[in-house]
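Here the structure comes first, spelled out in structure tokens, and everything after it is commentary.
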Amino acid sequence: MKKFLIMLCLAAATVMSAAAQEKFPMITIPEDVTDPLLRAKYLSDHFWENVDFETASDDLISNGLSELIPILRIVDYDAMTASWAAAVKQAEESKTGVAHLLKVSRSVLNDPTKESYDEDMYRALLHAALVSKKITKSDKEPFQRDLVMLEVNNAGSAAIDFEITGADGAKSRLSDVESPITVLFLYEPGAVDSKLERFRLSQARITNYLMQAGGLKIVAMACTSDAALWEKNRSDIPSEWVSGYDAGDVIRNEGLYDLRVMPRLYLLDEKKVVLLKNTNTDGVEEYLYDVLRAAAQQQQAAAGQTAGGGSDASTDAAAAK
Numbered sequence: 655m656k657k658f659l660i661m662l663c664l665a666a667a668t669v670m671s672a673a674a675q676e677k678f679p680m681i682t683i684p685e686d687v688t689d690p691l692l693r694a695k696y697l698s699d700h701f702w703e704n705v706d707f708e709t710a711s712d713d714l715i716s717n718g719l720s721e722l723i724p725i726l727r728i729v730d731y732d733a734m735t736a737s738w739a740a741a742v743k744q745a746e747e748s749k750t751g752v753a754h755l756l757k758v759s760r761s762v763l764n765d766p767t768k769e770s771y772d773e774d775m776y777r778a779l780l781h782a783a784l785v786s787k788k789i790t791k792s793d794k795e796p797f798q799r800d801l802v803m804l805e806v807n808n809a810g811s812a813a814i815d816f817e818i819t820g821a822d823g824a825k826s827r828l829s830d831v832e833s834p835i836t837v838l839f840l841y842e843p844g845a846v847d848s849k850l851e852r853f854r855l856s857q858a859r860i861t862n863y864l865m866q867a868g869g870l871k872i873v874a875m876a877c878t879s880d881a882a883l884w885e886k887n888r889s890d891i892p893s894e895w896v897s898g899y900d901a902g903d904v905i906r907n908e909g910l911y912d913l914r915v916m917p918r919l920y921l922l923d924e925k926k927v928v929l930l931k932n933t934n935t936d937g938v939e940e941y942l943y944d945v946l947r948a949a950a951q952q953q954q955a956a957a958g959q960t961a962g963g964g965s966d967a968s969t970d971a972a973a974a975k
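One rule links them: number in this note's numbering = place in the sequence shown (from 1) + 654.
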């Protein structure tokens with residue numbers, strides 16, 4: 655199946671290049687490279703070799719990125735990072751090439767409203783480009799800020815703590831919430847998208863089941879310092895959730911979390927280590943179901959699947975559906 659997908663991506667790259675307003679100068683893959691996986695790897699390694707970044711237009715680079723990204727989403731992580739390193743090396747052949755590549759890539763890879771948005775790819779590009787001697791200190795600055803934001807609240811790292819102001823001005827912190835699993839819901843009170851995601855999250859059977867079982871809490875954090883706006887929309891938030899707002903606008907002003915697009919959902923473990931970053935209700939549900947299924951399989955294996963050997967995790971997984 656993976657080879658079939660790679661073949662489709664390779665074919666799509668050729669078709670898109672031919673159809674683009676400004677034709678991207680695609681490289682030629684050697685005829686003796688016939689395996690789809692190897693062809694994808696060759697393409698990712700040599701993709702930019704026919705591009706002169708000194709004279710290339712923004713459109714040409716953008717067209718190239720639109721063809722390359724699907725390939726890089728199929729090859730392995732090492733191949734993906736190597737591809738961006740190769741892109742930077744090619745861009746270094748011209749005086750302003752690295753800055754040019756970064757500028758266009760930023761609009762393609764770092765815009766959360768676009769399907770091409772990809773934090774892993776953008777991070778890999780930044781790591782390769784920001785050590786280049788072919789980019790000035792002033793040109794680096796906005797991209798260094800981007801990298802700082804990309805490096806926080808990632809899966810496996812501790813979620814940044816913050817203060818929550820609740821009803822009657824009561825103060826608490828994210829770290830005060832005690833629960834095996836925490837769903838952090840960062841939202842804009844009154845906004846349609848936030849209302850829709852809040853509704854979907856409130857209707858998710860697995861989160862409701864785990865909340866009732868004492869295994870999960872939801873923290874709804876309104877990313878505004880406007881107490882009146884939060885109070886006006888507070889009834890939107892289920893009473894079972896931890897609800898509050900950012901009285902000092904600290905999250906936004908200090909860049910603790912990326913709020914360019916809201917709502918944002920994070921899934922955290924008992925120690926507030928990030929399990930999922932910038933996800934949605936579907937992502938939360940899928941992750942939790944996978945955890946329950948894995949636990950059920952482990953219990954069944956331990957019990958040797960003996961007759962009558964019931965499984966608490968199996969029961970949980972079934973009840974949550």
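For every residue, glycine included, the Cβ atom is placed at its ideal position computed from N, Cα and C.
Predicted model only: the values in this text are computed from it and were never measured.
Buried/exposed call for residue i, threshold 16 Cβ in 10 Å
| i | result |
| --- | --- |
| Ser759 | buried |
| Glu894 | exposed |
| Thr836 | buried |
| Leu942 | buried |
| Glu721 | buried |
| Arg852 | buried |
| Thr920 | Note on identity: in this sequence residue 920 is Tyr, with Thr being the wrong assignment. Tyr920 is buried by the Cβ-count criterion. |
| Asp800 | buried |
| Tyr899 | buried |
| Asn717 | buried |
| Ser829 | exposed |
| Ser711 | exposed |
Chain C within 8 Å of residue i, Cβ atoms only
| i | result |
| --- | --- |
| Asp822 | The chain labelled as chain C is not found in the depicted structure, where only one protein chain is given. |
Proximity below 8 Å, CB of residue i to CB of residue j
| i | j | result |
| --- | --- | --- |
| Leu624 | Pro917 | Nothing about residue 624 can be reported from this structure: the residues present for the chain run from 655 to 975 only. |
| Phe839 | Leu910 | no |
| Ala736 | Asp699 | yes |
| Tyr771 | Leu804 | no |
| Val742 | Ala694 | no |
| Lys871 | Val928 | no |
| Thr935 | Arg854 | yes |
| Phe701 | Gly751 | no |
| Val762 | Leu719 | yes |
For residue i, three-class secondary structure by DSSP
| i | result |
| --- | --- |
| Tyr899 | strand |
| Ile835 | strand |
| Glu721 | helix |
| Ala753 | helix |
| Ile683 | coil |
| Arg906 | helix |
| Val802 | helix |
| Ala672 | In this prediction, Ala672 scores a pLDDT of 42, lower than 50, which makes its location untrustworthy; no coordinate-derived value is stated. |
| Phe658 | In this predicted model, Phe658 has a pLDDT of only 49, less than 50, meaning its place in the structure is not dependable enough to derive any value. |
| Ser940 | The sequence given here has Glu at residue 940, not Ser. If DSSP states are grouped into helix, strand and coil, Glu940 belongs with the helices. |
| Asn932 | strand |
| Val945 | helix |
| Val927 | strand |
| Ala809 | coil |
| Asn862 | helix |
| Asp699 | helix |
| Leu784 | coil |
| Thr709 | coil |
Near the ligand SAH: residue i beta-carbon under 7 Å from a heavy atom
| i | result |
| --- | --- |
| Ala867 | Summarising the ligand content, the structure contains no ligands, and the ligand SAH is consequently not present. |
Per DSSP, cross-strand counterpart(s) of residue i
| i | result |
| --- | --- |
| Lys743 | Answer is none; Lys743 lacks a bridge partner. |
| Ile715 | According to DSSP, Ile715 bridges with nothing at all. |
| Thr819 | Lys825, Tyr899 |
| Val873 | Leu838, Val896 |
| Arg614 | With the chain represented from 655 up to 975, any question about residue 614 goes unanswered, as that position is not in the structure. |
| His919 | The sequence shown places Leu at residue 919, rather than the His named in the question. Leu919 pairs with Phe839, Thr933. |
| Ala882 | Paired residue(s): none; Ala882 is not in a bridge. |
Proximal residues to residue i (C-beta, below 8 Å), its chain only, five neighbours per side dropped
| i | result |
| --- | --- |
| Ala673 | At Ala673, the pLDDT of 42 sits below 50, so the modelled position is not reliable; the number obtained from the coordinates is stated separately. Excluding sequence neighbours, Ala673 sits near nothing in its chain. |
| Leu913 | Leu840, Cys877, Ile905, Arg906 |
| Asn887 | Pro843, Gly844, Ala876 |
| Ala812 | Lys925, Lys926, Val927, Val928 |
| Gly810 | Val927, Val928 |
| Val915 | Pro766, Thr767 |
| Leu922 | Ala813, Ile835, Thr836, Val837, Leu838, Val928, Leu929 |
Cβ shell of residue i (< 7 Å), same chain only, five flanking positions each side left out
| i | result |
| --- | --- |
| Ala753 | Ile789, Asp793 |
| Lys849 | Asp890 |
| Phe658 | For Phe658, the predicted model reports a pLDDT of 49, less than 50, meaning its position is unreliable; a value from the coordinates is still stated below. Cβ neighbours of Phe658 beyond the five flanking positions: none. |
| Gln798 | Leu784 |
| Ala739 | Ala782 |
| Lys931 | Asn807, Asn808, Ala809, Tyr920 |
Own chain residues within Cβ distance below 6 Å of residue i, not counting five before or after
| i | result |
| --- | --- |
| Thr933 | Leu919 |
| Ala901 | Thr819, Ser879 |
| Asp713 | Glu676 |
| Ser897 | Ala874, Ile891 |
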